[in-house]
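Chemist: Here it is, the structure in full.
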Amino acid sequence: MQNLAQQLINYLLHLADTTLILSQRNSEWCGHGPVLEQDIAITNISLDLLGQSRNFYQYAAQLINESKNMQDTKALSAFGEGVGGEITEDSLAYLRTEREFKNLLLTELPNGDWGQTILRQYLFSQYQYLLFEQLQQNKDEQLAAICTKALKEIKYHIRWSSEWVLRLGDGTPESKQRMLVAINELWRYTGEMFIAVDYEKEMNIDLIALQNNWAEKVDVIFQEATLSIPQNTFMQTGGKTGTHTENLGFILTELQYMQRAYPNSQW
Amino acid sequence: MVKALLDKEKIWQLLSTVADPEVPVLTILDLGIVRDVIVSSALEGLGEVVEIIITPTYTGCPAMDMIGIDIKLKLLENGFKKFKITSVLSPAWTTDWMSEEGKRKLKEYGIAPPHSRADDTANPVIECPQCNSTNTKLISQFGSTACKALYQCQVCKEPFDYFKCH
Chain A
1 MQNLAQQLIN YLLHLADTTL ILSQRNSEWC GHGPVLEQDI AITNISLDLL
51 GQSRNFYQYA AQLINESKNM QDTKALSAFG EGVGGEITED SLAYLRTERE
101 FKNLLLTELP NGDWGQTILR QYLFSQYQYL LFEQLQQNKD EQLAAICTKA
151 LKEIKYHIRW SSEWVLRLGD GTPESKQRML VAINELWRYT GEMFIAVDYE
201 KEMNIDLIAL QNNWAEKVDV IFQEATLSIP QNTFMQTGGK TGTHTENLGF
251 ILTELQYMQR AYPNSQW
Chain B
1001 MVKALLDKEK IWQLLSTVAD PEVPVLTILD LGIVRDVIVS SALEGLGEVV
1051 EIIITPTYTG CPAMDMIGID IKLKLLENGF KKFKITSVLS PAWTTDWMSE
1101 EGKRKLKEYG IAPPHSRADD TANPVIECPQ CNSTNTKLIS QFGSTACKAL
1151 YQCQVCKEPF DYFKCH
C-alpha cells in the first residue's frame, strides 16, 4: 500500500500523462485538419491539454523533490530511477518509460478518421469536465486550483466536440456510418475512466456519480445525434497502471526522441 | 519604508509599459495578468526584495514565458536586481479583470472585446469591431490564439477575432 503522498504523486502523474498523450495525438492533426478553422480548433485544444499536463507535471515534480529531500527513498525509486538530480516537468514527460505512463488507454488510440478523433475528444472532455468539477473541491489546494482553471477551457472543448458529434451522427449516411464505426472502436476504452486503481482510492472522487452523470450527458448528445450507446461491452483496462496498448510505445518513441538521442539538449 | 512605497509605485508604472506579446496593443496590466507587487525590506544591507505575482490567462498560453522574460528585462533595465516572478493559478484569471481602457484599445485594434461574464451566453451577440453591426456569425470557437474565437460580419463581410469571455 502506498502512503498518501505517493498516491497523490501517482494520481497527478495519471492526470498529467492522460492530458499529455491526448495533446500529442490531437497535435498530429496539425496541418492535416479537414478545413483550416477545424485544424486550428483541434490544435488549440491540444495546446490547452498540454498546458494542463504541464501544471500537473510541475506539481508532481515539486512533490517528488520534496519527498526526496526528506530522504523517502521508497518514493524516490518509484519516480526517479534513471533520472539523475532534480526531477522536473521535462524529466517526467521525456524520461519515463511506457510501463511508467499512467494515461487512459482511450487517449493513446490512433486518431482514425475525423469522426473518431472528435468522438474521442467529446467522450473525454465530458468525463474530464465532470471529474474536474469534483476535483476543484479537493482538499489539496494546488490540485483544486489547476482543475478550476482548466474547467473554463474544457467547457469550450465539450461545446465544440459535441457539435461535431451532432453534425456527423445526424449528417449524411456516410458520416453516420463512420460515427457508428468510431463508437464501436472507442466504447470499450471508456469503462476504465470509472474503475478506481490503488492510487485513486484516497482522492475523494465519487466515481459512481461521475459515471452516472457522464452516461446521462453522453446519452442526451447521442440521442440528438441519432446514435446509441452500446450495451454490454467488455471494457479494457490497464492504462492507469501502466499496461498499455502497443500504440503508446510508438507515441513515446516520437515524443521522447530528442531527449533520448541527445540527453539534456535544449531548444 | 518610504522608499519601498516609491519603488512599488515605480514598478507598477514600469509594468504598465510591458505589452502582451500576442496582442501588443494591450499591456499586461490591461489584461489583468499582474495580480500583485510586493516590496519587502530584506535583511539589513541587502536592500529590498521585490515579488511580482502573475497569473496565466489560459493554462497553455505560450506567451506566459515571454511575458516573464519581458518583465525581468524591464526591471533589470531600470535598476531592480533582486526580484522574483511568481505564477499563481488561483483565483483563475477571467476576462472580467480586463480594464475598460484595454477593451477600448482591443476594439480599435480590430478585435471584438469580451462580454462580461454576467452577460455571457452560449451564443453571445458579438458586435463587429469595424462597422458595429450586430449581424455577425461565428466561424469557429477557436481562433488565432487560445483566447480568441473567429467571427465574420454579415454586413461589411470582414472576418474578425472575438476575445472570448472567460
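Residue numbers (the numbering used here), protein chains in the order written: chain A, 1 to 267; chain B, 1001 to 1166. Note that beta-carbon positions come from the ideal geometry of N, C-alpha and C, so glycine has one too. The structure displayed is predicted, hence computed values, not measured ones.
Which first and last residues belong to the alpha helix (DSSP H) in which A/PHE132 is found?
Modeler: What you label residue 132 of chain A is simply residue 132 of the first sequence in a count that begins at 1. Run containing A/PHE132: 114 to 135, per the alpha helix (DSSP H) assignment.
Chemist: Does DSSP classify A/THR226 as helix, strand or coil?
Modeler: Position 226 of the first sequence holds residue 226 of chain A. Of the three classes helix, strand and coil, the one that applies to A/THR226 here is coil, per DSSP.
Chemist: Mark B/ASP1161 as exposed unless 16 or more other C-beta atoms lie within 10 angstroms of its C-beta, in which case mark it buried.
Modeler: Reading the second sequence from its first residue, position 161 is the one you call residue 1161 of chain B. Counting Cβ neighbours within 10 Å, B/ASP1161 comes out buried, since at least 16 surround it.
Chemist: Report buried or exposed for A/PHE101, applying the criterion of at least 16 other Cβ atoms within 10 angstroms of its Cβ.
Modeler: The sequence position of residue 101 of chain A within the first sequence is 101, counting from 1. Label assigned to A/PHE101: buried.
Chemist: Answer yes or no: do A/ALA5 and A/SER67 have a C-beta to C-beta separation smaller than 8 Å?
Modeler: Residue numbering aside, residue 5 of chain A sits at position 5 when the first sequence is read from its first letter. Residue numbering aside, residue 67 of chain A sits at position 67 when the first sequence is read from its first letter. For A/ALA5 and A/SER67, yes; Cβs fall inside 8 Å.
Chemist: Quick check: is the beta carbon of B/SER1171 nearer than 8 Å to any beta carbon in chain A?
Modeler: This structure does not reach residue 1171 of chain B, given that chain B is present from 1001 up to 1166, and the question cannot be answered.
Chemist: So what does B/GLN1152 bridge to, in DSSP terms?
Modeler: The sequence position of residue 1152 of chain B within the second sequence is 152, counting from 1. Under DSSP, the beta-bridge partners assigned to B/GLN1152 are B/LYS1137, B/PRO1159.
Chemist: Check the C-beta distance from B/HIS1115 over to B/CYS1165 and give it rounded, since I have them as a contact under 8 Å.
Modeler: Against the second sequence, residue 1115 of chain B aligns to sequence position 115. Against the second sequence, residue 1165 of chain B aligns to sequence position 165. Right, the Cβ-Cβ distance comes to about 5 Å (below 8 Å), so this counts as a contact.
Chemist: Going by C-alpha distance, which of A/GLN58, A/GLN231, A/GLN128, A/ARG178 is nearest A/LEU92?
Modeler: What you label residue 92 of chain A is simply residue 92 of the first sequence in a count that begins at 1. Of the candidates A/GLN58, A/GLN231, A/GLN128, A/ARG178, A/GLN58 places its Cα closest to the Cα of A/LEU92.
Chemist: Listed from N- to C-terminal order along the chain, which residues in the region 140 to 172 of chain A have their beta-carbon within a distance smaller than 7 Å of any beta-carbon of chain B?
Modeler: ALA145, ILE146, THR148, LYS149, ALA150, LYS152, GLU153, TYR156, ARG159, TRP160
Chemist: Between the alpha carbons of A/ASN3 and A/THR253, how many angstroms are there, rounded?
Modeler: Stepping through the first sequence from its first residue, residue 3 of chain A is reached at position 3. Stepping through the first sequence from its first residue, residue 253 of chain A is reached at position 253. Cα to Cα, the separation comes out at about 32 Å.
Chemist: Which ranges would you report for the alpha helix (DSSP H) in the region 150 to 186 of chain A if only whole runs of at least 4 residues count?
Modeler: Along the region 150 to 186 of chain A, the alpha helix (DSSP H) occurs as fully enclosed runs of 4 or more residues at 173 to 186, listed in sequence order.
Chemist: Can you find the residues in the same chain that come closer than 7 Å, C-beta to C-beta, to A/ARG54, ignoring five residues on each side of it along the sequence?
Modeler: In the first sequence, the residue the question calls residue 54 of chain A occupies position 54. Hits under 7 Å: GLU89.
Chemist: Is the region 146 to 164 of chain A in contact with the region 192 to 209 of chain A, if contact means three or more CB pairs nearer than 8 Å?
Modeler: no
Chemist: Indicate whether B/PRO1167 and B/ILE1067 have their beta-carbon atoms separated by less than 8 Å.
Modeler: This structure cannot settle anything about residue 1167 of chain B, because the visible part of chain B is limited to 1001 through 1166.
Chemist: Can you tell me the Cα-Cα spacing of A/ALA60 and A/LEU50, whole angstroms?
Modeler: Taking the first residue of the first sequence as 1, we reach residue 60 of chain A at position 60. Taking the first residue of the first sequence as 1, we reach residue 50 of chain A at position 50. Computed Cα separation, rounded: 15 Å.
Chemist: With DSSP as the reference, label B/PHE1142 as helix, strand or coil.
Modeler: In the second sequence, residue 1142 of chain B corresponds to position 142, counting from 1. Three-state result, B/PHE1142: coil.
Chemist: Measure the CB-CB distance between A/ALA215 and A/LEU166 and report whether it falls below 8 Å.
Modeler: Position 215 of the first sequence, counting from 1, holds the residue named residue 215 of chain A. Position 166 of the first sequence, counting from 1, holds the residue named residue 166 of chain A. No. Outside cutoff.
Chemist: Which residues in the same chain have their Cβ closer than 7 Å to the Cβ of A/GLN128, if we skip the five residues on either side of it in sequence?
Modeler: As a position in the first sequence, residue 128 of chain A is number 128, starting the count at 1. In its chain, beyond the 5 residues on either side, ILE154 have a beta carbon closer than 7 Å to the beta carbon of A/GLN128.
Chemist: Helix, strand or coil: which one does DSSP assign to A/ILE195?
Modeler: Counted from its first residue, the first sequence places residue 195 of chain A at position 195. Three-state DSSP puts A/ILE195 in coil, outside helix and strand.
Chemist: Are the region 99 to 118 of chain A and the region 8 to 21 of chain A in contact at 8 Å, needing three or more beta carbon pairs?
Modeler: yes
Chemist: Which same chain residues, not among the five before or five after A/PHE222, have their C-beta less than 8 Å away from its C-beta?
Modeler: Counting from 1 along the first sequence, the entry for residue 222 of chain A is found at position 222. Here the set comprises VAL165, GLY169, SER228, ILE229.
Chemist: Among the candidates B/LEU1076, B/ILE1071, B/GLU1100, B/ASP1096, whose CA atom is the shortest distance from the CA of B/THR1086?
Modeler: Working through the second sequence from its first residue, we reach residue 1086 of chain B at position 86. Among B/LEU1076, B/ILE1071, B/GLU1100, B/ASP1096, the Cα nearest to that of B/THR1086 is on B/ILE1071.
Chemist: Rounded to the nearest angstrom, what separates A/ALA261 and A/ILE87 at their Cα positions?
Modeler: Start at 1 with the first residue of the first sequence, and residue 261 of chain A comes out as number 261. Start at 1 with the first residue of the first sequence, and residue 87 of chain A comes out as number 87. Spanning the two alpha carbons is a distance of roughly 19 Å.
Chemist: Buried or exposed: where does A/VAL220 fall if 16 or more other Cβ atoms within 10 Å of its Cβ makes it buried?
Modeler: In the first sequence, the residue the question calls residue 220 of chain A occupies position 220. Counting Cβ neighbours within 10 Å, A/VAL220 comes out exposed, since fewer than 16 surround it.
Chemist: Does chain B have any CB closer than 8 Å to the CB of A/GLN52?
Modeler: Translated into the one-based positions of the first sequence, residue 52 of chain A becomes position 52. True, the Cβ-Cβ gap to chain B drops below 8 Å.
Chemist: Starting from B/VAL1049, follow its DSSP beta bridges and name the residues at the other end.
Modeler: Indexing the second sequence from 1 puts residue 1049 of chain B at position 49. DSSP lists B/SER1040 as partners of B/VAL1049.
Chemist: Go through its chain and collect everything with a Cβ distance to A/ILE205's Cβ below 6 Å, but skip five positions before and after it.
Modeler: Taking the first residue of the first sequence as position 1, residue 205 of chain A is located at position 205. Here the set comprises GLN134.
Chemist: Around the C-beta of A/HIS32, are 16 or more other C-beta atoms found within 10 angstroms, so that it is buried, or is it exposed?
Modeler: Within the first sequence, the letter at position 32 stands for residue 32 of chain A. Looking at its Cβ environment, which holds fewer than 16 other Cβ atoms inside 10 Å, A/HIS32 is exposed.
Chemist: Do A/LEU248 and A/GLU108 have their C-beta atoms closer together than 8 Å?
Modeler: As a position in the first sequence, residue 248 of chain A is number 248, starting the count at 1. As a position in the first sequence, residue 108 of chain A is number 108, starting the count at 1. For the pair A/LEU248 and A/GLU108, the CB atoms are nearer than the 8 Å cut-off.
Chemist: Which residues in the same chain have their Cβ closer than 7 Å to the Cβ of A/MET258, if we skip the five residues on either side of it in sequence?
Modeler: Locating residue 258 of chain A in the first sequence gives position 258, where the first residue counts as 1. Here the set comprises SER265.
Chemist: Give the range of the alpha helix (DSSP H) segment to which A/SER23 is assigned.
Modeler: By 1-based counting over the first sequence, the position of residue 23 of chain A is 23. Taken as a continuous stretch (DSSP letters only), the alpha helix (DSSP H) holding A/SER23 covers 4 to 27.
Chemist: Listed in chain order, which residues of the region 1091 to 1122 of chain B have Cβ atoms closer than 9 Å to some Cβ of chain A?
Modeler: PRO1091, ALA1092, TRP1093, THR1094, ALA1122
Chemist: Using 8 Å as the limit for Cβ to Cβ distance, is A/GLU28 near chain B?
Modeler: Numbered from its first residue, the first sequence carries residue 28 of chain A at position 28. Output row for A/GLU28: interface = no.
Chemist: Can the beta-carbon of A/PRO34 be found less than 8 Å from the beta-carbon of A/TRP160?
Modeler: Here residue 34 of chain A refers to the residue found at position 34 when the first sequence is read from its first residue. Here residue 160 of chain A refers to the residue found at position 160 when the first sequence is read from its first residue. No, Cβ-Cβ distance for A/PRO34 and A/TRP160 is not below 8 Å.
Chemist: Can you tell me which residues form a DSSP beta bridge with B/ILE1111?
Modeler: The residue labelled residue 1111 of chain B in the question sits at position 111 within the second sequence. In DSSP, B/ILE1111 forms a bridge with B/ASP1161.
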